[in-house]
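Protein chains: 2
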Amino acid sequence: MSDRRTQIMEAAVRVIAEDGVRGLRVEKLAAAAEVSTALIYYHFKDRAGILRAALEHINHRAQTYTDVPATNPRTRLEQMLLRELQDTPEVRQNSIAWGELRATAAFHPDLRDSLRTTTETWNSDIAALIREAQTAGTVADSVDPTATAERLTALVEGLSERWHSGTLALPRARQLLTGAIELELTSP
Amino acid sequence: MSDRRTQIMEAAVRVIAEDGVRGLRVEKLAAAAEVSTALIYYHFKDRAGILRAALEHINHRAQTYTDVPATNPRTRLEQMLLRELQDTPEVRQNSIAWGELRATAAFHPDLRDSLRTTTETWNSDIAALIREAQTAGTVADSVDPTATAERLTALVEGLSERWHSGTLALPRARQLLTGAIELELTSP
DNA sequence: GTCTATACAGAGATAGAC
DNA sequence: GTCTATCTCTGTATAGAC
Numbered sequence: 010m011s012d013r014r015t016q017i018m019e020a021a022v023r024v025i026a027e028d029g030v031r032g033l034r035v036e037k038l039a040a041a042a043e044v045s046t047a048l049i050y051y052h053f054k055d056r057a058g059i060l061r062a063a064l065e066h067i068n069h070r071a072q073t074y075t076d077v078p079a080t081n082p083r084t085r086l087e088q089m090l091l092r093e094l095q096d097t098p099e100v101r102q103n104s105i106a107w108g109e110l111r112a113t114a115a116f117h118p119d120l121r122d123s124l125r126t127t128t129e130t131w132n133s134d135i136a137a138l139i140r141e142a143q144t145a146g147t148v149a150d151s152v153d154p155t156a157t158a159e160r161l162t163a164l165v166e167g168l169s170e171r172w173h174s175g176t177l178a179l180p181r182a183r184q185l186l187t188g189a190i191e192l193e194l195t196s197p
Numbered sequence: 010m011s012d013r014r015t016q017i018m019e020a021a022v023r024v025i026a027e028d029g030v031r032g033l034r035v036e037k038l039a040a041a042a043e044v045s046t047a048l049i050y051y052h053f054k055d056r057a058g059i060l061r062a063a064l065e066h067i068n069h070r071a072q073t074y075t076d077v078p079a080t081n082p083r084t085r086l087e088q089m090l091l092r093e094l095q096d097t098p099e100v101r102q103n104s105i106a107w108g109e110l111r112a113t114a115a116f117h118p119d120l121r122d123s124l125r126t127t128t129e130t131w132n133s134d135i136a137a138l139i140r141e142a143q144t145a146g147t148v149a150d151s152v153d154p155t156a157t158a159e160r161l162t163a164l165v166e167g168l169s170e171r172w173h174s175g176t177l178a179l180p181r182a183r184q185l186l187t188g189a190i191e192l193e194l195t196s197p
């Protein structure tokens, strides 16, 4: 991928995080990326192409920025999940943009494949961590890693959207998530 | 509110559920409502007015359609939550439209107040049900009704969005939710 | 590869009759 | 209150020079 493409995609994340997919205007994207609209069309063909590429890009960012210093698996698990609920520009941008793409996928089936892949990757990363923790003895064997991972990541998304829509304060969101992790990992 | 207004708003829910907020075209709305575009502008002033009213309308619908035949509190709780994850046209429409509303609120702060109110109502309804179940002895007293309600409703929203975006099959979503309810209501 | 300038379509909004 | 007809503007996309 050329430098220009990444430059435009980085700008796309910012613009989408600010105005939403719904509010994405090619001209504004061009301004944000400091290039002409024509160049954007040259690289991405059309608006749908821009969106597809932006999704891939956000996807890629989302997969990588969650790495966390290695301590014990259970702590890493908590940190990985909590990291999505942090008020830093990078996380906020990514999280908003990611939410937008999810929402958009409800109306654009062509976006779904890559969305599904990323979600599955995230789920199985979390599930793997749970299994590690089980091996280490910090989590009970009775816990179902797959289902637990699916629930926790879905909860993160739900909390995250409430945060961004102003329905839920961030500290409360983190608190609720911590409670859920506690509950999920402490078997009956 | 006049009949015409409600007629148009009912159509708006359908159109938004189908195309999203961004995909809402006044002309299409007019066709769906079987009126002229001019009439819509007459009643709602401009596109923003249409949207505001539509979101209020969705809000209102969302508050009412979750009533459930009275059995014991715990069962009603499960049914109220599971009801959001059903593949009937009405639920699907409402749920998609509601998701759109939430997503849109991230970029339109003026929508947040009514959104927050509705969410809080939902939360406290669920919390009340949990307290009832505690009184009835079906749920342990150690459960925190407020936090549990917040987590469960947020999870429903997360699962719901995954369902609509094609990331998660509906039966699986229901299964995960049931599991979460089980976990939340069965204290350590 | 990248720009400036521009064509073109589609959607929001209004005028004016009934 | 409601319609038909139409105006205007915004945003997508392309042509063509460099």
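Keeping their order, the protein sequence lines are chains R and Y.
Under the numbering used here, the residues of the first sequence are numbered 10 to 197, in order.
Under the numbering used here, the residues of the second sequence are numbered 10 to 197, in order.
Ideal placement from N, C-alpha and C gives every residue a C-beta, glycine not left out.
Please read these numbers as outputs of a predicted model, since none were measured by experiment.
Buried or exposed, going by whether 16 or more other CB atoms sit within 10 Å of the CB of L48/Y? Stepping through the second sequence from its first residue, residue 48/Y is reached at position 39. Looking at its Cβ environment, which holds fewer than 16 other Cβ atoms inside 10 Å, L48/Y is exposed.
When Cβ atoms are compared, which residues of the segment 85 to 101 of chain R fall closer than 8 Å to chain Y? none
Against chain Y, does D150/R count as a neighbour if the rule is that its beta carbon must be under 8 Å from one of theirs? Indexing the first sequence from 1 puts residue 150/R at position 141. Not a single CB atom of chain Y sits nearer than 8 Å to the CB of D150/R.
Going by beta carbon distance, what residues of the same chain come within less than 7 Å of A79/Y, once the five residues before and after it are set aside? Numbered from 1 along the second sequence, position 70 holds the residue referred to as residue 79/Y. Once the five neighbours on either side are set aside, the close Cβ partners of A79/Y are R85.
Tell me, please, whether the segment 17 to 29 of chain Y touches the segment 86 to 105 of chain Y by the rule of three or more beta-carbon pairs shorter than 8 Å. yes
Mapping DSSP to helix, strand and coil, what is Q95/R? Position 86 of the first sequence, counted from the first residue, corresponds to residue 95/R. Reduced to three states, the DSSP call for Q95/R is coil.
Counting C-beta neighbours from all protein chains within 10 Å, is the total for G108/R 16 or more, i.e. buried, or is it exposed? Numbered from 1 along the first sequence, position 99 holds the residue referred to as residue 108/R. Flag for G108/R reads buried.
What's the call for G167/R, buried or exposed, on a 16-neighbour Cβ count within 10 Å? Within the first sequence, the letter at position 158 stands for residue 167/R. By the 10 Å Cβ count, G167/R comes out buried.
What span of residues does the alpha helix (DSSP H) with F116/Y cover, start to end? Working through the second sequence from its first residue, we reach residue 116/Y at position 107. Neither: F116/Y is in no alpha helix (DSSP H) and is coded neither H nor E.
Listed by chain order, chain R residues near I135/Y by CB distance under 9 Å: In the second sequence, residue 135/Y corresponds to position 126, counting from 1. Ordered by position in chain R, no residue passes the 9 Å Cβ test against I135/Y, which lies about 14 Å from the chain.
Of all the CB atoms in chain Y, is at least one closer than 8 Å to the CB of G175/R? Position 166 of the first sequence, counted from the first residue, corresponds to residue 175/R. Yes, G175/R counts as interfacial toward chain Y.
Looking at the C-beta of P118/Y, does it have a partner C-beta in chain R at a distance below 8 Å? Counted from its first residue, the second sequence places residue 118/Y at position 109. Yes, P118/Y counts as interfacial toward chain R.
Is the number of C-beta pairs between the segment 112 to 119 of chain R and the segment 145 to 161 of chain Y that are closer than 8 Å three or more? Here the segment 112 to 119 of chain R makes no contact with the segment 145 to 161 of chain Y; the two share fewer than three CB pairs at distances below 8 Å.
Same chain, Cβ closer than 7 Å to L161/R, neighbours up to 5 away in sequence not counted: Locating residue 161/R in the first sequence gives position 152, counting from the first residue. Contacts found: L90, I135, A189, I190 and E193.
When we look at the beta-carbon of S45/R and count the other beta-carbons within 10 Å, is it buried (16 or more) or exposed? In the first sequence, the residue the question calls residue 45/R occupies position 36. Its Cβ having fewer than 16 others within 10 Å, S45/R is exposed.
If contacts are defined as beta-carbon pairs under 8 Å, then N81/R and A158/R qualify, I think. What distance do you get, rounded to the angstrom? The residue labelled residue 81/R in the question sits at position 72 within the first sequence. The residue labelled residue 158/R in the question sits at position 149 within the first sequence. Rounded, the Cβ-Cβ distance is 18 Å, inconsistent with contact.
Are the C-beta of R160/R and some C-beta of chain Y separated by less than 8 Å? Position 151 of the first sequence, counted from the first residue, corresponds to residue 160/R. In terms of beta-carbon proximity, R160/R lines the interface with chain Y, with at least one pair separated by less than 8 Å.
Using the beta-carbon count (16 or more within 10 Å), is H69/Y buried or exposed? As a first step, residue 69/Y is located in the second sequence; it is residue number 60 there, counting from the start. Exposed, because fewer than 16 other Cβ atoms sit within 10 Å of the Cβ of H69/Y.
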